[in-house]
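**Student:** Quick one: the structure is below, questions incoming.
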């Protein structure tokens, strides 16, 4: 209201001194001055200054409302964008990956710990995690599961379910290995269901249970840069060495059914290759720093 009164006084040439200087310094003064100038030149006998004043004020009000609409639209776009970002983060699938030659550790939303072995990945959703703790594993991982509702690890070969425990799952090619280090786990492989308690281990290959035994280890050997094999075929061992050292091994020997059981280091490549070469009576040749031939 004060602004309207000042404008009316100026239109009637009633502003004086500091009040006039302040009005002339306002942002809209140039507009008012042009309007007053051109309106004075009009030859309209019934010119109504009050009506013009109201028109000007309505114009200013309309500009203000229009600006507010723009701000509201910007805010709406921002809120919508923020909402979409939050939705994507919560509903989208998350994938944790460990490249060849390295291991990766991360926490799930309930603070369950997952340690991925070389060349492995885990996919899961954060949304509603505490009520539906499910993930998909490709490769090998060691889990320390926080207590809560059922925790499920799905692989291409079978599913492992627990309530709260420490266990290792390895799913490579056609073989599934599961070892329970604490608590209890349930392994579902095709039409078979096996319960493992602390210290028990089981292995399946090509639809058949090949190993069911016990271990006195407190954690997987690969956490100590070693890989323990039990009745494993040669090609699977070479694949694991290639994965752990991020190298390529070409086998040019004769086909063999000889299974291997033992431990191979994953931080001494020369020793690892020598163990395999000695066991299978092979010779090692090096093509370059990342390519080897066994024949």
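In our numbering, the protein residues as written are 6 to 300. Here a beta-carbon is modelled for each residue, glycine too, at the ideal position from N, C-alpha and C.
Evaluate residue 294 with the Cβ neighbour count: other Cβ atoms within 10 Å of its Cβ, from every protein chain shown; 16 or more gives buried, anything less gives exposed.
**Tutor:** Taking the first residue of the chain shown as 1, we reach residue 294 at position 289. It is exposed - the Cβ of residue 294 has fewer than 16 other Cβ atoms within 10 Å.
**Student:** Mind checking whether the beta-carbon of residue 213 lies closer than 7 Å to any heavy atom of the ligand ATP?
**Tutor:** The model depicted lacks the ligand ATP and carries no ligand whatsoever.
**Student:** Please classify residue 47 as buried or exposed, where buried requires at least 16 neighbouring CB atoms within 10 angstroms.
**Tutor:** Position 42 of the chain shown, counted from the start, is the residue given in the question as residue 47. In this prediction, residue 47 scores a pLDDT of 48, lower than 50, which makes its location untrustworthy; no coordinate-derived value is stated.
**Student:** For residue 175, which residues from the same chain have a beta carbon less than 6 Å from its beta carbon, with the 5 sequence-adjacent residues on both sides left out?
**Tutor:** For the purposes of this step, residue 175 is identified with residue 170 of the chain shown, where counting begins at 1. Cβ neighbours of residue 175 beyond the five flanking positions: 145, 182.
**Student:** Which same chain residues, not among the five before or five after residue 311, have their C-beta less than 8 Å away from its C-beta?
**Tutor:** A query on residue 311 cannot be resolved here, the shown segment of the chain reaching from 6 to 300 and no further.
**Student:** With a threshold of 7 Å on Cβ separation, who are the neighbours of residue 220 within its own chain once the five nearest residues in sequence on each side are excluded?
**Tutor:** Counted from its first residue, the chain shown places residue 220 at position 215. Hits under 7 Å: 184, 204, 206.
**Student:** Contact defined as beta carbons within less than 8 Å: I believe residue 269 pairs with residue 240. What is the distance between those atoms, to the nearest angstrom?
**Tutor:** Along the chain shown, read from residue 1 onward, the residue named residue 269 stands at position 264. Along the chain shown, read from residue 1 onward, the residue named residue 240 stands at position 235. Not really, about 14 Å apart at Cβ, beyond 8 Å.
**Student:** Return the first residue and the last residue of the beta strand (DSSP E) that residue 250 is part of.
**Tutor:** In the chain shown, residue 250 corresponds to position 245, counting from 1. From DSSP, residue 250 is part of no beta strand (DSSP E) but of the alpha helix (DSSP H) over 239-250.
**Student:** For residue 2, which beta-bridge partners are listed by DSSP?
**Tutor:** Only positions 6 to 300 of the chain appear in the structure, and residue 2 is not among them; the question remains open.
**Student:** Taking DSSP as the reference, what is the three-state secondary structure of residue 151?
**Tutor:** By 1-based counting over the chain shown, the position of residue 151 is 146. Residue 151: coil per DSSP, three-state reduction.
**Student:** Just the C-alpha distance for residue 179 and residue 115, rounded to the nearest angstrom, thanks.
**Tutor:** As a working mapping, residue 179 is identified with position 174 in the chain shown. As a working mapping, residue 115 is identified with position 110 in the chain shown. Cα-Cα distance, rounded: 31 Å.
**Student:** Considering only residues of the same chain and omitting the five flanking positions on each side of residue 141, which have a CB-CB separation below 6 Å?
**Tutor:** As a first step, residue 141 must be located in the chain shown, where it is residue number 136. 128, 159.
**Student:** Please state if the CB of residue 163 and the CB of residue 192 are separated by a distance shorter than 8 Å.
**Tutor:** In the chain shown, the residue the question calls residue 192 occupies position 187. In the chain shown, the residue the question calls residue 163 occupies position 158. Result yes, Cβ atoms of residue 192 and residue 163 sit closer than 8 Å.
**Student:** Select from 253, 276, 245, 238 the residue whose C-alpha is nearest the C-alpha of residue 260.
**Tutor:** Locating residue 260 in the chain shown gives position 255, where the first residue counts as 1. Of the listed residues, the one whose Cα sits closest to residue 260 is 238.
**Student:** Work out the CA separation of residue 97 and residue 27 for me, nearest whole Å.
**Tutor:** For the purposes of this step, residue 27 is taken as residue 22 along the chain shown, with counting starting at 1. For the purposes of this step, residue 97 is taken as residue 92 along the chain shown, with counting starting at 1. Spanning the two alpha carbons is a distance of roughly 58 Å.
**Student:** CA-CA distance, residue 151 and residue 105?
**Tutor:** As a working mapping, residue 151 is identified with position 146 in the chain shown. As a working mapping, residue 105 is identified with position 100 in the chain shown. Rounded to the nearest angstrom, the two C-alpha atoms are 28 Å apart.
**Student:** CA-CA distance, residue 125 and residue 217?
**Tutor:** Stepping through the chain shown from its first residue, residue 125 is reached at position 120. Stepping through the chain shown from its first residue, residue 217 is reached at position 212. About 24 Å.
**Student:** Within this structure, are the beta carbons of residue 161 and residue 138 separated by less than 8 Å?
**Tutor:** The residue labelled residue 161 in the question sits at position 156 within the chain shown. The residue labelled residue 138 in the question sits at position 133 within the chain shown. Not in contact: residue 161 and residue 138 (Cβ atoms no closer than 8 Å).
**Student:** Tell me which same chain residues have a C-beta within less than 8 Å of the C-beta of residue 272, skipping the five on either side of it?
**Tutor:** Start at 1 with the first residue of the chain shown, and residue 272 comes out as number 267. Counting only Cβ-Cβ distances below 8 Å, and skipping sequence neighbours, we find 230.
**Student:** What is the rounded straight-line gap between the Cα of residue 59 and the Cα of residue 17?
**Tutor:** Stepping through the chain shown from its first residue, residue 59 is reached at position 54. Stepping through the chain shown from its first residue, residue 17 is reached at position 12. Rounded to the nearest angstrom, the two C-alpha atoms are 15 Å apart.
**Student:** According to DSSP, residue 269 sits in a beta bridge with which residue or residues?
**Tutor:** The sequence position of residue 269 within the chain shown is 264, counting from 1. According to DSSP, residue 269 bridges with 232.
**Student:** List the DSSP bridge partners of residue 125.
**Tutor:** Taking the first residue of the chain shown as 1, we reach residue 125 at position 120. Residue 125 pairs with 103.
**Student:** Give me the DSSP bridge partner(s) of residue 98.
**Tutor:** Position 93 of the chain shown, counted from the first residue, corresponds to residue 98. 130, per the DSSP bridge assignment.
**Student:** Is it buried or exposed for residue 307, if we count other Cβ within 10 angstroms and need 16 for buried?
**Tutor:** The shown model of the chain, from 6 to 300, leaves out residue 307, and the question about it has no answer.
**Student:** How is the beta strand (DSSP E) around residue 159 delimited, first residue to last?
**Tutor:** Reading the chain shown from its first residue, position 154 is the one you call residue 159. It spans 156-159 - the beta strand (DSSP E) in which residue 159 sits, taken as one unbroken run.
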